[in-house]
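Participant: Numbering (our numbering), first residue to last: 35 to 326.
Every residue gets a Cβ at the ideal spot worked out from N, C-alpha and C, and that includes glycine.
Structure below; questions to follow.
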Amino acid sequence: MNSVQWNDRFNIGVEIVDKAHQRLFSIVGKMMELNEDEGRRQHACQETIKYFKSYTQKHFAEEEEYMRSIDYEKYDVHKQLHDDLRDKTIPALETELEEQHYSEEAIQHFSGICLGWLTGHIMMTDRAITGLVSDRWVLNSAKEEFQALEEAVSRIMKTMMGIAPRLVSEHYGGEDFGKGIFIRQIYRSKTNERIQIFLAFEERMVLETFGEVLGRKLPRVDQTVLYAVNQVAKMLVKRVYQHCEGLGAHQLEKENVLSHEQLLKEFDKGPLYYSLLYDGEGKGYFAFSVMK
């Protein structure tokens, strides 16, 4: 993709917000064009990111002021999403850029994540401000439970896949982080309570990780790799359950592989209780989401 085109379906009906969203799309579009000039890539990227962060901060402040002015009931969780992008996602992406020396792939990754975040946030969270859609998020006040889950996923990814993941976002909303494998597992308790677990693995992480295990380069995700990923997903969730009592005792009822479009449709049904996005040491992204 060489350009980003604004679509009026992104409008929420608040002029100051809609104009800011158009500007943010324009900035990301300029970032995506930086790969065309390798000589000025790093400096131009740094300056564009500086402007993107500054404008994002200004926009968030204006949008939050508007939400307060109308006593928007989901203000707290909405502000958490803003803080999440500013304090976790963008710094993690900047670190990746530096570690990969502002390579073409790293810049594409940065701009792709930002574009995906903006699109998802506008369509499913900002449009909820004016009642165009229902908000998908739950404000979770159980900080200890959240921290236990975050630490359990990180520790188990390190043990099982040899990756020390870095938390990128506490509110992954299905944003497109590259070609991926998406798995849904449905669990049910003895009292018939249902929990859905969604796991998303970026393909390059899977190919590199399993390639290291097998001692050879894997060119593509085939059926064998899918079976292996499914097994890893089941073992990962089982171990997470052992570390997080808050998830309760549930039995696996059903599992299936989803397309990215199917994942987004499931997320739209909400609400999402936990949805964590990790960077696997530059090898790719991984997400762990819980929907009750």
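Just checking my contact of residue 292 with residue 216 at CB under 8 Å: how many whole Å lie between their CB atoms?
Facilitator: Contact holds; Cβ gap of about 4 Å.
Participant: List the whole-angstrom C-beta distance separating residue 304 from residue 210, where the pair is believed to meet the contact cut-off of C-beta under 8 Å.
Facilitator: With 8 Å as the limit, residue 304 and residue 210 do not qualify as a contact, their Cβ atoms being about 18 Å apart.
Participant: Can you tell me which of the three DSSP states residue 120 falls into?
Facilitator: Helix.
Participant: Taking C-alpha atoms, which residue in 181, 104 and 59 lies nearest to residue 148?
Facilitator: Selected option, being the one with the closest Cα: 59.
Participant: Taking residue 320 and residue 235 to be in contact with their CB atoms under 8 Å, please state how far apart those CB atoms are, rounded to whole angstroms.
Facilitator: 6 Å between Cβ atoms; contact.
Participant: To which residues does DSSP link residue 285 through a beta bridge?
Facilitator: Bridge partners of residue 285: 222.
Participant: Going along the chain, which residues of its own chain have a beta-carbon closer than 6 Å to the beta-carbon of residue 56, five neighbours each way excluded?
Facilitator: Cβ within range, chain order: 40.
Participant: How long is the line joining the alpha carbons of residue 145 and residue 93, rounded to whole angstroms?
Facilitator: Taking the straight line joining both Cα atoms gives about 18 Å.
Participant: Need the endpoints of the alpha helix (DSSP H) that residue 149 sits in, please.
Facilitator: Residues 138-155.
Participant: So for residue 252, helix, strand or coil by DSSP?
Facilitator: Looking at residue 252 - three-state DSSP - the assignment turns out to be coil, as it is neither helix nor strand.
Participant: For residue 42, name the three-state secondary structure that DSSP assigns.
Facilitator: In this structure, residue 42 counts as helix in the three-state DSSP scheme.
Participant: Are there three or more Cβ pairs, one per stretch, closer than 8 Å when the region 184-191 is compared with the region 212-230?
Facilitator: Contact between the region 184-191 and the region 212-230 is absent, because fewer than three Cβ pairs lie under 8 Å.
Participant: By Cβ distance, which residues of its chain are closer than 7 Å to residue 124, with the 5 residues on each side in sequence left out?
Facilitator: Closer than 7 Å at Cβ, skipping near neighbours: 87.
Participant: Using the Cα positions of residue 76 and residue 219, report the straight-line distance between them to the nearest angstrom.
Facilitator: Cα to Cα, the separation comes out at about 41 Å.
Participant: If we call anything under 9 Å between Cβ atoms a contact, is residue 130 one with residue 313?
Facilitator: Contact flag set, yes.
Participant: Quick one: Cα of residue 255 to Cα of residue 231, how far?
Facilitator: Cα to Cα, the separation comes out at about 22 Å.
Participant: Would DSSP call residue 209 helix, strand or coil?
Facilitator: It is coil, neither helix nor strand.
Participant: Inspect the beta-carbon positions of residue 233 and residue 322 and report whether they are closer than 9 Å.
Facilitator: Yes, Cβ-Cβ distance for residue 233 and residue 322 is below 9 Å.
Participant: Can you tell me whether DSSP reads residue 56 as helix, strand or coil?
Facilitator: Helix at residue 56.
Participant: Taking a contact to mean a Cβ-Cβ separation below 9 Å, would you say residue 90 touches residue 119 in this structure?
Facilitator: Closer than 9 Å, so yes.
Participant: Between which two residues does the alpha helix (DSSP H) containing residue 101 stretch?
Facilitator: Run containing residue 101: 75-103, per the alpha helix (DSSP H) assignment.
Participant: I need the boundaries of the alpha helix (DSSP H) containing residue 300, first residue and last residue.
Facilitator: That run of the alpha helix (DSSP H) goes 294-303.
Participant: On the criterion of 16 or more Cβ atoms from any shown chain inside 10 Å, does residue 36 qualify as buried, or is it exposed?
Facilitator: Legend: pLDDT at residue 36 = 46, less than 50; position of this residue unreliable, no value from coordinates given.
Participant: Since residue 236 sits in a beta bridge, which residues does DSSP pair it with?
Facilitator: Looking at the DSSP assignment, residue 236 forms a beta bridge with 214.
Participant: Could you compute how far the alpha carbon of residue 252 sits from the alpha carbon of residue 132?
Facilitator: Each residue's Cα considered, the two are about 27 Å apart.
Participant: Please report the Cβ distance between residue 108 and residue 169, rounded to the nearest whole angstrom; I am assuming they are in contact, meaning their Cβ atoms lie under 8 Å.
Facilitator: Right, the Cβ-Cβ distance comes to about 5 Å (below 8 Å), so this counts as a contact.
Participant: Quick one, are the C-beta atoms of residue 201 and residue 274 less than 9 Å apart?
Facilitator: Not a contact, by the Cβ cut-off of 9 Å.
Participant: From residue 122 to residue 227, what does the alpha carbon distance come to, in whole angstroms?
Facilitator: If I take the Cα positions, the gap works out to 32 Å.
Participant: Cα separation between residue 106 and residue 112?
Facilitator: Residue 106 and residue 112: Cα-Cα distance of roughly 10 Å.
Participant: Assuming residue 297 contacts residue 208 under a Cβ cut-off of 8 Å, what Cβ separation, rounded to an integer in Å, is found between them?
Facilitator: Confirmed, about 5 Å.
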